[in-house]
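Scroll down for the structure; my scribbles are underneath it.
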C-alpha cells in the first residue's frame with residue numbers, strides 16, 4: 814500500500830503543478846498582452862471552447878486580424894505520450910496556432926525546451942515551446 818500512496822501523492826503533486834502552470838501562464842498573458850485570455854483549471858478565467866476534442870489549457874483570441882493561439886501546458890513526461898502528440902496534431906488542423914509550455918524548474922528550462930523542440934520536430938510538429946515554473950512564475954522562451 815505504501816507504493817500506491819507514494820504514487821498517488823506524486824500524481825496529485827504533478828496535477829497541481831500543471832494547474833498552477835496553467836493559471837500562472839494565463840495571468841502572464843492577460844497582464845502582458847491585449848488578448849482575451851481563456852483558461853481551464855483557473856477560477857480567474859472563463860474556460861475555453863472545446864477544440865480538437867477538449868478545451869485548450871489556455872486559449873487566446875488575438876483579434877480579427879490574427880488566428881487564435883492556444884497553449885498546452887505539459888509536464889515533460891506527458892509530452893512524450895502518443896495521446897499528447899495526437900492532440901497537438903489535431904490542434905494544428907483546427908486553424909489555431911498551438912504552442913507548448915512545459916512545467917519545469919528554472920534551472921532546467923533551456924534543456925527541457927531543447928528536448929521538447931527536438932521531440933516535436935521528429936514528430937512533424939515544429940511548434941514553439943516555452944517553459945514555466947509555477948512556484949515563482951518564471952517563464953523562459955516566451956515570445957508573446
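Residue numbers (our numbering): 814 to 957.
We put the beta carbon where it would ideally sit given N, CA and C, even for glycine.
Residue i, buried or exposed, once every other Cβ within 10 Å from all chains shown has been counted against 16
i, result
"residue 871", "buried"
"residue 824", "exposed"
"residue 904", "buried"
"residue 837", "buried"
"residue 911", "buried"
"residue 876", "exposed"
"residue 861", "buried"
"residue 842", "buried"
"residue 878", "exposed"
"residue 833", "buried"
"residue 828", "exposed"
"residue 923", "exposed"
"residue 826", "exposed"
"residue 855", "buried"
Contact under 9 Å by Cβ, residue i with residue j
i, j, result
"residue 893", "residue 831", "no"
"residue 898", "residue 943", "no"
"residue 835", "residue 853", "yes"
"residue 857", "residue 840", "yes"
"residue 868", "residue 929", "no"
"residue 901", "residue 936", "yes"
"residue 919", "residue 895", "no"
"residue 863", "residue 874", "no"
"residue 953", "residue 926", "yes"
8 Å contact criterion, which residue i and residue j should meet: CB distance rounded
i, j, result
"residue 921", "residue 865", "That belief does not hold up - the Cβ atoms of residue 921 and residue 865 are roughly 28 Å apart, past 8 Å."
"residue 939", "residue 933", "6 Å"
With a floor of 4 residues, list each alpha helix (DSSP H) that falls wholly inside the stretch 880 to 932, ordered by position along the chain.
-> 889 to 892, 895 to 906
Of all the beta strand (DSSP E) runs that stay within the bounds of the stretch 826 to 854, which reach a length of 3 or more residues?
-> 849 to 852
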